[in-house]
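*Asks:* As you go down the protein sequences, you meet chains A and B in turn. Using the working numbering, you'd call the opening residue of the first sequence number -3 and step up by one each time. Using the working numbering, you'd call the opening residue of the second sequence number 982 and step up by one each time.
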Amino acid sequence: MSGTSTYVPKSAFARWFESRLPIAGLVHSSFIAYPTPRNLNYMWTFGAILSFMLGAQIATGVILAMHYVPSATMAFASVDHIMRDVDYGWMIRYLHSNGASFFFFAVYMHIFRGIYYGSYKAPREVLWILGVIIYLLMMATAFMGYVLPWGMMSFAGATVITNLFTAIPLVGVSISHWLWGGYAVGDPTLNRFFALHYLLPFMIVGVVVLHVWALHVAGQNNPDGVEVKNVERDTVAFTPYATIKDVFGLSVFLIFYAWFTFFIPLYLLDPDNSTIANPLVTPAHIVPEWYLLPFYAILRAIPNKLVGVIALFGAIALLAFLPWLDTSPVKSAKYRPLFRFFFWIFVVCCVGLGYLGSQEVSDQTTLVARILAIGYFGFLLIVLPLLGLIEKTKPIPASIADAVLVKAAPAE
Amino acid sequence: MRRFKTSFAVPAALALMITAGAVVLAEAEDDQPNPPQQSWSFYGVFGKYDQAELQRGFQVYKEVCSTCHRLSIPFRTLADPDGPGYSVAQVKALAASYQVENAEPNDKGEMFKRPGTPADIFPPPDAFPNDAAAVAAMGKAPPDMALIAKSLKYERGFPTFIFDIFTTYQEMGPDYVYAILNGYTKKDDPQWNLYYPGHKIAMPQPIEDGRVKYDDGTPGTLANYSKDIGSFLMWASEPTLVERKKIGFRAIIFLIVLSSLLYLTKKKIWADAH
Chain A
-3 MSGTSTYVPK
7 SAFARWFESR
17 LPIAGLVHSS
27 FIAYPTPRNL
37 NYMWTFGAIL
47 SFMLGAQIAT
57 GVILAMHYVP
67 SATMAFASVD
77 HIMRDVDYGW
87 MIRYLHSNGA
97 SFFFFAVYMH
107 IFRGIYYGSY
117 KAPREVLWIL
127 GVIIYLLMMA
137 TAFMGYVLPW
147 GMMSFAGATV
157 ITNLFTAIPL
167 VGVSISHWLW
177 GGYAVGDPTL
187 NRFFALHYLL
197 PFMIVGVVVL
207 HVWALHVAGQ
217 NNPDGVEVKN
227 VERDTVAFTP
237 YATIKDVFGL
247 SVFLIFYAWF
257 TFFIPLYLLD
267 PDNSTIANPL
277 VTPAHIVPEW
287 YLLPFYAILR
297 AIPNKLVGVI
307 ALFGAIALLA
317 FLPWLDTSPV
327 KSAKYRPLFR
337 FFFWIFVVCC
347 VGLGYLGSQE
357 VSDQTTLVAR
367 ILAIGYFGFL
377 LIVLPLLGLI
387 EKTKPIPASI
397 ADAVLVKAAP
407 AE
Chain B
982 MRRFKTSFAV
992 PAALALMITA
1002 GAVVLAEAED
1012 DQPNPPQQSW
1022 SFYGVFGKYD
1032 QAELQRGFQV
1042 YKEVCSTCHR
1052 LSIPFRTLAD
1062 PDGPGYSVAQ
1072 VKALAASYQV
1082 ENAEPNDKGE
1092 MFKRPGTPAD
1102 IFPPPDAFPN
1112 DAAAVAAMGK
1122 APPDMALIAK
1132 SLKYERGFPT
1142 FIFDIFTTYQ
1152 EMGPDYVYAI
1162 LNGYTKKDDP
1172 QWNLYYPGHK
1182 IAMPQPIEDG
1192 RVKYDDGTPG
1202 TLANYSKDIG
1212 SFLMWASEPT
1222 LVERKKIGFR
1232 AIIFLIVLSS
1242 LLYLTKKKIW
1252 ADAH
């Protein structure tokens, strides 16, 4: 899709440089001349938003790391020092802690968009799997970042998550001790989490490069789910068309990000994390951050710990198999009425599980969580494979240009 | 577009029924009243601290709370014009009235105490030099008050927690403090509190009408004390709140203008693409 570069160096220096390292040509073909389907809607701006958020998290994170002390005795105080003494430290920290949530919000929009429009189908399977890997790395990074302030919930969260590994038969306990660097979550755990929290974002950057590379080989999917047939008619150049749309989408996104950061920075932060970690005191009610809640609800819905842990990781791992679980040849939900109905049920299951994950466990919540968990797995394992066989899809347009013209016609 | 909406409506209705059911069942077993919401000067987009209120709140802390509760904030922050706004001279005098243990030993290798300076952090209460001493005396260590207003919570519940995003409700801590101080409603049991989870609180009623004499003529009532200490503790845990909201307001105005311009640019660029 990216094709051969049409970049023509203008100056003598640019010609000299381009013949030695053709990076300007690469940027030109990837972000300027790159043809994008002309029918993309605003759900497609989340890719650019996510790239921005990754950069923003790294930038604010590096600054925080200059003032943070990764030790069980100093961590909490050093965060308080950032908040009180460091110039604009409060802003950097609130941007970073709320940034994590907005990063996840954007990634969920991105993932659900991918499912709705069948973006994982051929020829984009590798692109999709790379995305699932990014999502996994993001969760690991966010979890370890949450431990760093060493508040009560940080400590409880670290204990609960690392304890999951004790469910593994025979070697589970040894693995946990190895992860902790001791017999419980403590100083060595915090230290290595800090090291990994600093490392993983750069691994995410690496996989993002592969993700974008794969995207630029296969080309973008689009709301009609038909491949580009005629570059002239079906696509527009990335710059200025997609660029201005992405920048506008990002700017609107930043309004909400700023609202949270400056007016309700504590909204998503558990108050228990404003109390220093104390191994002898466990919070009455342990909850992870909101973006992990659906998986937490799945874990708690299952009485057997090992099965619960398998379900928890399975719920995430299954996403990687979507290209093969979905048997329908039609990509976009626009032309799949039954799929569309089940897709929204799936979304509702995810949101419902998220809500239940935040609630204290009772018989009722466990029952509802079980129903919703069955809905989650049922969609991926039963509905998707079956739909391809039984669903009567609507006729898909012959090309992107045709789809756009059909939409534009009644308005004229 | 119409089809999109109907296909969404059915699962949404289903979900609403399920979650509503769960919520009703979950709340049926709860007999804990939520702290009532007070009106705070620092609430909302244009919220600011009331200087006189913070100074009275500090007086309450100094004369009552500080007997047991530590306040790990630097003295110098009391001079913050967005905060209590004491003069530098007042803060110096205040700091000097405390005995602070020096971080380094003297040339004989002995730890020693000296008068505090504005750069020092409030020392722990004389009664309890550390948490263990407090636990030994009271059964439970009184929490540090530096971040207490950010560490207190109660369940906001659905759908209130959704509205909180738009109303910018962040005053859970001061509301909680206010409620606790007014929650000692059983005269025969000083450790029974209406708003404390489980009602059994380790701290007996700490303050009552007339306990502190205000200099500015504000009546010394429990309601006033609660309001003032609530504000002061919020300031102690969010000293940058005023600056934050000021910057935030500008940031959001800027982003709205930027977004509008970008939208118009986008429309112009795309005009020839359709």
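Backbone N, C-alpha and C fix where the C-beta goes; we use that ideal spot for every residue, glycine too.
1) Can you tell which of Pro1106(B), Asp1107(B), Ala1122(B) and Cys1046(B) has the C-alpha that lies nearest to the C-alpha of alanine 1113(B)?
2) Please identify the residue among Ile129(A), Val213(A), Ala163(A) and Leu276(A) whose C-alpha is closest to the C-alpha of serine 25(A).
3) With a threshold of 9 Å between beta-carbons, can serine 1132(B) be considered close to chain A, or not?
4) Using a Cβ cut-off of 7 Å, which residues of the stretch 1228 to 1245 of chain B contact any Cβ in chain A, in chain order?
5) Can you name, in chain order, every residue of its own chain whose Cβ lies under 6 Å from the Cβ of threonine 323(A), other than the five neighbours on each side?
6) Can you check whether the C-beta of methionine 70(A) is within less than 9 Å of a C-beta belonging to chain B?
7) Check the Cβ of valine 1081(B) against every Cβ in chain A and list those closer than 7 Å, keeping chain order.
8) Among Trp209(A), Ile107(A), Gly153(A) and Ala154(A), which residue has its Cα nearest to the Cα of leucine 132(A)?
9) In three-state terms, what does DSSP make of proline 479(A)?
10) Per DSSP, glutamate 1082(B) forms a beta bridge with which residues?
11) Just list the residues that DSSP pairs proline 33(A) with in beta bridges.
12) If you draw a straight line from the C-alpha of serine 1241(B) to the C-alpha of aspartate 1190(B), how long is it?
13) What separation, rounded to the nearest whole angstrom, lies between the Cα atoms of aspartate 1253(B) and asparagine 37(A)?
14) Anyone know if the C-beta pair for leucine 1052(B) and phenylalanine 1109(B) falls short of 9 Å?
15) Sort out for me which residues DSSP pairs tryptophan 1173(B) with in a bridge.
16) Taking Cβ-Cβ distances below 7 Å as the criterion, which residues of the stretch 16 to 50 of chain A are in contact with chain B?
17) So is alanine 254(A) in contact with chain B if we call contact Cβ pairs under 9 Å?
18) With DSSP run on the structure shown, which of helix, strand or coil describes proline 1055(B)?
19) Using a C-beta cutoff of 9 Å, does lysine 1247(B) count as contacting chain A?
20) Closer than 9 Å, CB to CB, is tyrosine 287(A) near chain B or not?
21) In angstroms with no decimal places, state the Cα-to-Cα distance between leucine 211(A) and glycine 221(A).
22) Shorter than 8 Å, the distance from the beta carbon of leucine 383(A) to the closest heavy atom of the ligand PLP, or not?
23) Rounded to whole angstroms, what is the Cα-Cα separation between threonine 32(A) and phenylalanine 317(A)?
24) Restricting to Cα atoms, I'd like to know which of Arg1225(B), Val1193(B) and Asp1197(B) is closest to glutamine 1032(B).
25) Using the beta-carbon of each residue, which ones in chain D are nearer than 7 Å to isoleucine 111(A)?
26) How big is the Cα-Cα spacing for glutamate 356(A) and isoleucine 157(A)?
27) Using C-beta distances below 8 Å, list every residue in its chain close to threonine 2(A), excluding the 5 sequence neighbours before and after it, in chain order.
28) Which of helix, strand or coil does DSSP assign to glycine 310(A)?
29) Any C-beta of chain A within less than 9 Å: which residues of the stretch 1039 to 1059 of chain B qualify?
30) Between cysteine 345(A) and glycine 371(A), how many whole angstroms is the CB-CB distance? I'm expecting something under 8 Å.
31) What do you reckon, are the CB atoms on serine 1212(B) and tyrosine 1079(B) nearer than 9 Å?
32) Hey, out of Ile129(A), Gly153(A) and Ile130(A), whose CA is closest to methionine 140(A)'s CA?
33) Any Cβ of chain B within less than 9 Å of the Cβ of isoleucine 392(A)?
34) Taking leucine 1250(B) as the query, report the chain A residues whose CB atoms sit under 7 Å from its CB, ordered along the chain.
*Replies:* If we stick to the structure as given:
1) To locate residue 1113(B), count along the second sequence from 1; it is residue 132. Ranking the options by Cα distance to alanine 1113(B), first place goes to Ala1122(B).
2) Along the first sequence, read from residue 1 onward, the residue named residue 25(A) stands at position 29. Selected option, being the one with the closest Cα: Val213(A).
3) Indexing the second sequence from 1 puts residue 1132(B) at position 151. Chain A, which has a Cβ nearer than 9 Å to the Cβ of serine 1132(B), makes this yes.
4) Ile1228, Gly1229, Ala1232, Ile1233, Leu1236, Ile1237, Leu1239, Ser1240, Leu1243 and Tyr1244
5) Locating residue 323(A) in the first sequence gives position 327, counting from the first residue. Closer than 6 Å at Cβ, skipping near neighbours: Pro381 and Gly384.
6) As a position in the first sequence, residue 70(A) is number 74, starting the count at 1. No, methionine 70(A) does not count as interfacial toward chain B.
7) Working through the second sequence from its first residue, we reach residue 1081(B) at position 100. None at all; the shortest Cβ gap to chain A is about 17 Å.
8) By 1-based counting over the first sequence, the position of residue 132(A) is 136. With distances taken between Cα atoms, leucine 132(A) lies closest to Ile107(A).
9) Outside the displayed span of chain A (-3 to 408) sits residue 479(A), for which this structure offers no information.
10) Numbered from its first residue, the second sequence carries residue 1082(B) at position 101. According to DSSP, which records beta bridges pairwise, glutamate 1082(B) is partnered with Lys1094(B).
11) Translated into positions along the first sequence, residue 33(A) becomes position 37. Answer is Thr231(A), bridged to proline 33(A).
12) Sequence index remark: in the second sequence, residue 1241(B) carries index 260 (1-based). Sequence index remark: in the second sequence, residue 1190(B) carries index 209 (1-based). Cα-Cα distance, rounded: 55 Å.
13) Indexing the second sequence from 1 puts residue 1253(B) at position 272. Indexing the first sequence from 1 puts residue 37(A) at position 41. Looking at the two C-alpha atoms, the distance is approximately 17 Å.
14) As a working mapping, residue 1052(B) is identified with position 71 in the second sequence. As a working mapping, residue 1109(B) is identified with position 128 in the second sequence. No; because the gap between Cβ atoms is not below 9 Å, this pair is not in contact.
15) The sequence position of residue 1173(B) within the second sequence is 192, counting from 1. In the DSSP output, where bridge partners are listed per residue, tryptophan 1173(B) has Lys1181(B).
16) Arg34
17) Along the first sequence, one-based indexing puts residue 254(A) at 258. It does: the Cβ of alanine 254(A) has a partner Cβ on chain B nearer than 9 Å.
18) Numbered from 1 along the second sequence, position 74 holds the residue referred to as residue 1055(B). Here proline 1055(B) sits in strand by DSSP.
19) The residue you call residue 1247(B) lines up with position 266 of the second sequence. Judged by the 9 Å Cβ criterion, lysine 1247(B) is in contact with chain A.
20) Walking along the first sequence from the start, residue 287(A) turns up at place 291. No, its Cβ sits nowhere closer than 9 Å to a Cβ of chain B.
21) Within the first sequence, residue 211(A) is the residue found at index 215, counting from 1. Within the first sequence, residue 221(A) is the residue found at index 225, counting from 1. Rounded to the nearest angstrom, the two C-alpha atoms are 15 Å apart.
22) As for the ligand PLP, it is missing from this structure, which has no ligand bound.
23) For the purposes of this step, residue 32(A) is identified with residue 36 of the first sequence, where counting begins at 1. For the purposes of this step, residue 317(A) is identified with residue 321 of the first sequence, where counting begins at 1. Taking the straight line from one Cα to the other gives about 26 Å.
24) Numbered from 1 along the second sequence, position 51 holds the residue referred to as residue 1032(B). When only C-alpha atoms are compared, the closest one is Asp1197(B).
25) Protein chains A and B are contained in the structure displayed, whereas chain D is not.
26) Within the first sequence, numbered from 1, the residue matching residue 356(A) stands at position 360. Within the first sequence, numbered from 1, the residue matching residue 157(A) stands at position 161. Their backbone Cα atoms lie some 18 Å apart in a straight line.
27) Your numbering for residue 2(A) matches position 6 in the first sequence. Counting only Cβ-Cβ distances below 8 Å, and skipping sequence neighbours, we find His24, Ser25 and Ala29.
28) Reading the first sequence from its first residue, position 314 is the one you call residue 310(A). The answer is helix: DSSP assigns glycine 310(A) an H, G or I state.
29) Ser1053, Ile1054, Pro1055 and Thr1058
30) Here residue 345(A) is taken as the residue at index 349 of the first sequence, counted from 1. Here residue 371(A) is taken as the residue at index 375 of the first sequence, counted from 1. Going by Cβ atoms, the distance from cysteine 345(A) to glycine 371(A) rounds to 4 Å, so yes, they are a contact pair.
31) Taking the first residue of the second sequence as position 1, residue 1212(B) is located at position 231. Taking the first residue of the second sequence as position 1, residue 1079(B) is located at position 98. Contact: no.
32) For this step, residue 140(A) is matched to residue 144 along the first sequence. Per the Cα distances, Gly153(A).
33) By 1-based counting over the first sequence, the position of residue 392(A) is 396. No - not a single Cβ of chain B is within 9 Å of the one on isoleucine 392(A).
34) Mapped onto the second sequence, residue 1250(B) falls at position 269. Residue identity check: residue 1250(B) is isoleucine in the sequence provided, not leucine. Here the neighbours are Pro236, Tyr237 and Ile240.
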